[in-house]
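Working notes, structure below.
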Amino acid sequence: MFDSIAIVGATGAVGTLIRQMLEERNFPYEKITFLASERSAGTTIHFKGEEHTVKLLRPEAFDDIDLAIGSTPDPVAAEFCPWAIERNCIVVDESGYWRMDPKVPLVVPEINPDAAFNHEGIIASPNCSTTQMVLAMKPLHDAGTIRRVIVSTYQATSGAGVQGQADLVEGSRAFLDNKEHKYQIFAHPIAFNLIPQIGSAKHAGYTSEEMKMVYETQKIFGDDSIQVCPTCVRVPVENCHSESILVETEKKITAEEARELFAATPGIKVIDNLAAGEYPMPADCSGDDAVFIGRIREDLSSENGLAFWCVSDNLRKGAATNAVQIAELLVRSHAAV
Ligand code: 2RA
1 MFDSIAIVGA TGAVGTLIRQ MLEERNFPYE KITFLASERS AGTTIHFKGE
51 EHTVKLLRPE AFDDIDLAIG STPDPVAAEF CPWAIERNCI VVDESGYWRM
101 DPKVPLVVPE INPDAAFNHE GIIASPNCST TQMVLAMKPL HDAGTIRRVI
151 VSTYQATSGA GVQGQADLVE GSRAFLDNKE HKYQIFAHPI AFNLIPQIGS
201 AKHAGYTSEE MKMVYETQKI FGDDSIQVCP TCVRVPVENC HSESILVETE
251 KKITAEEARE LFAATPGIKV IDNLAAGEYP MPADCSGDDA VFIGRIREDL
301 SSENGLAFWC VSDNLRKGAA TNAVQIAELL VRSHAAV
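In my numbering, the protein residues as written are 1 to 337.
In structure tokens:
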């Protein structure tokens, strides 16, 4: 057990879920501190029946902290993680800033738990669109070795934060009332529309969100030869990212075998009965930690291709749950020392 833990970015959408998860999962600690930037420092948080004042995120805040779980914008993580590790505080970081640093392990506990112990103070949690895809890939990769992935995402507005969700609701209302709406987060209307750009232009016509799916997948599996072709799209759905995934494996995996492999994988739930109209949908998966899979079928256009549909709560397994699971791995190893 770590005596003193902190949540950095405690008042944000993911920070709020991390708090909820620590309570739900009975995460062990003696003392907890909630840290945030100037905008939220000084506000009050109710946690496990007690009132806590949110403290200002500054170097000295980590003086007595052993383990911090952070969910902040990248520039904030770039600044605060060094403050923490200089003070011997381990950080599980949910931001994108450290993920591709060679000294920082990028961990999905169901896939590469051992990597979590090979850290120099920071352990990163992947981007939400990557996490659900790699968890779905894991049993297929183990059984048949994945060589190539073609993925199209249908990403919820909650991935763009609380204001992203507000943009969807307020923009939809304005659309139906035939009024103008000034979008705060999205560069184009998201109500009754799709936006085929998430993040900035990054590489060879791909966006930063898409390149995260390429680089993070290769790092998590420790295999740069896995080829990933992503298209990331923002859709007018409040929560849960959906993905249409086609994998090509070295060894053929039939749809029936894939269904059994998915069903036997911890963290995956299969809902797959097309005739009965049963498959995962974002409206049904919100609030669940699982990665849901359906529409499992063999590719009609290639010998070893397998197609499926994958839905997961991007704020939970895509962010808060994965970060807390990494922290739990560290607690177990700390206890074993
Ligand atoms: C998004 N994946 O959905 C991002 C959040 N990290 O915008």
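Even glycine gets a Cβ: it sits at the ideal position worked out from N, Cα and C.
Beta-ladder partner(s) of residue i, from DSSP
i: Ala327; result: Its beta-bridge partners do not exist; DSSP assigns none.
i: Thr16; result: Paired residues: none, contrary to the question.
i: Tyr183; result: According to DSSP, Tyr183 bridges with nothing at all.
i: Leu103; result: Strictly speaking, residue 103 in this sequence is Lys, with Leu absent from that position. None, per the DSSP bridge assignment.
i: Glu278; result: Asn273
i: Ala77; result: None; Ala77 has no bridge partner.
i: Gln227; result: Arg148
i: Ile32; result: Ile5
i: Lys202; result: Bridge partners of Lys202: none, in fact.
i: Ala307; result: Leu246, Arg297
i: Ser312; result: His241, Val291
i: Val169; result: Val169 is not bridged to any residue.
i: Phe47; result: Glu50
i: Lys55; result: Leu35
Sub-8 Å separation of residue i and residue j beta-carbons
i: Val237; j: Pro282; result: yes
i: Glu209; j: Cys232; result: yes
i: Arg148; j: Glu248; result: yes
i: Gly287; j: Asp272; result: no
i: Phe27; j: Ala327; result: yes
i: Asp289; j: Lys317; result: yes
i: Gln132; j: Glu243; result: yes
i: Ser4; j: Asp64; result: yes
i: Asn304; j: Lys269; result: no
i: Pro113; j: Leu329; result: yes
i: Pro139; j: Leu274; result: no
i: Ser95; j: Ala77; result: yes
i: His334; j: Met21; result: no
Selected residue, minimal CA-CA separation from residue i, among the options
i: His119; options: Cys128, Val134, Ala136, Cys89; result: Cys89
i: Phe221; options: Pro126, Lys251, Lys202, Asp284; result: Pro126
i: Val169; options: Pro189, Pro82, Ser152, Leu274; result: Pro189
i: Pro280; options: Ala84, Asp142, Asp313, Lys48; result: Asp313
i: Gly164; options: Thr153, Ile150, Val235; result: Val235
i: Tyr97; options: Pro82, Leu330, Pro105, Pro75; result: Pro75
i: Ile198; options: Ser152, Asp177, Val92, Val91; result: Ser152
i: Gly159; options: Ala320, Val331, Leu329; result: Ala320
i: His52; options: Ala6, Arg25, Asp63; result: Ala6
i: Ala84; options: Arg58, Leu106, Lys317; result: Arg58
i: Asp224; options: Pro73, Thr145, Ala263; result: Thr145
i: Ser172; options: Pro113, Ala68, Phe192, Ala143; result: Phe192
i: Cys128; options: Arg99, Tyr206, Phe47; result: Arg99
Other residues of its chain near residue i: CB distance less than 7 Å, five sequence neighbours each side excluded
i: Ala41; result: Val54, Lys55, Leu56
i: Ala403; result: This structure leaves residue 403 out entirely; the chain is present only between 1 and 337.
i: Ile150; result: Cys229, Leu246
i: Thr130; result: Lys212, Met213, Glu216, Thr217
Residues near residue i in its chain [Cβ-Cβ closer than 8 Å; skip 5 each side]
i: Gly161; result: Gly12, Ala13, Ile185
i: Val134; result: Val108, Ile111, Pro126, Glu216, Thr217, Ile220, Phe221
i: Lys202; result: Ser208, Glu210, Met211
i: Phe175; result: His181, Pro189, Ala191, Phe192
i: Tyr206; result: Val214, Pro230
i: Ala187; result: Ile195, Gln197
With 16 other Cβ atoms within 10 Å as the buried cut-off, status of residue i
i: Lys219; result: buried
i: Pro266; result: exposed
i: Thr43; result: exposed
i: Leu17; result: buried
i: Gly70; result: buried
i: Leu300; result: exposed
i: Arg332; result: exposed
i: Glu24; result: exposed
i: Asp93; result: buried
i: Phe292; result: buried
i: Ser302; result: exposed
i: Asp167; result: buried
i: Phe117; result: exposed
i: Gly15; result: buried
Close Cβ partners of residue i (< 6 Å) along its chain, the five nearest in sequence each way excluded
i: Lys103; result: Glu120
i: Arg297; result: Ala255, Ala307
i: Gly200; result: Strictly speaking, residue 200 in this sequence is Ser, with Gly absent from that position. Cβ neighbours of Ser200 beyond the five flanking positions: Ser208.
i: Glu278; result: Ile271
i: Val311; result: Cys240, Ser242, Pro280, Pro282, Cys285, Phe292
i: Ile345; result: Residue 345 is absent from the model: the chain starts at 1 and stops at 337.
i: Gln227; result: Arg148
Residue i beta carbon near the ligand FAD (any heavy atom closer than 7 Å)
i: Thr231; result: With respect to small molecules bound, the structure shown includes the ligand 2RA and not the ligand FAD.
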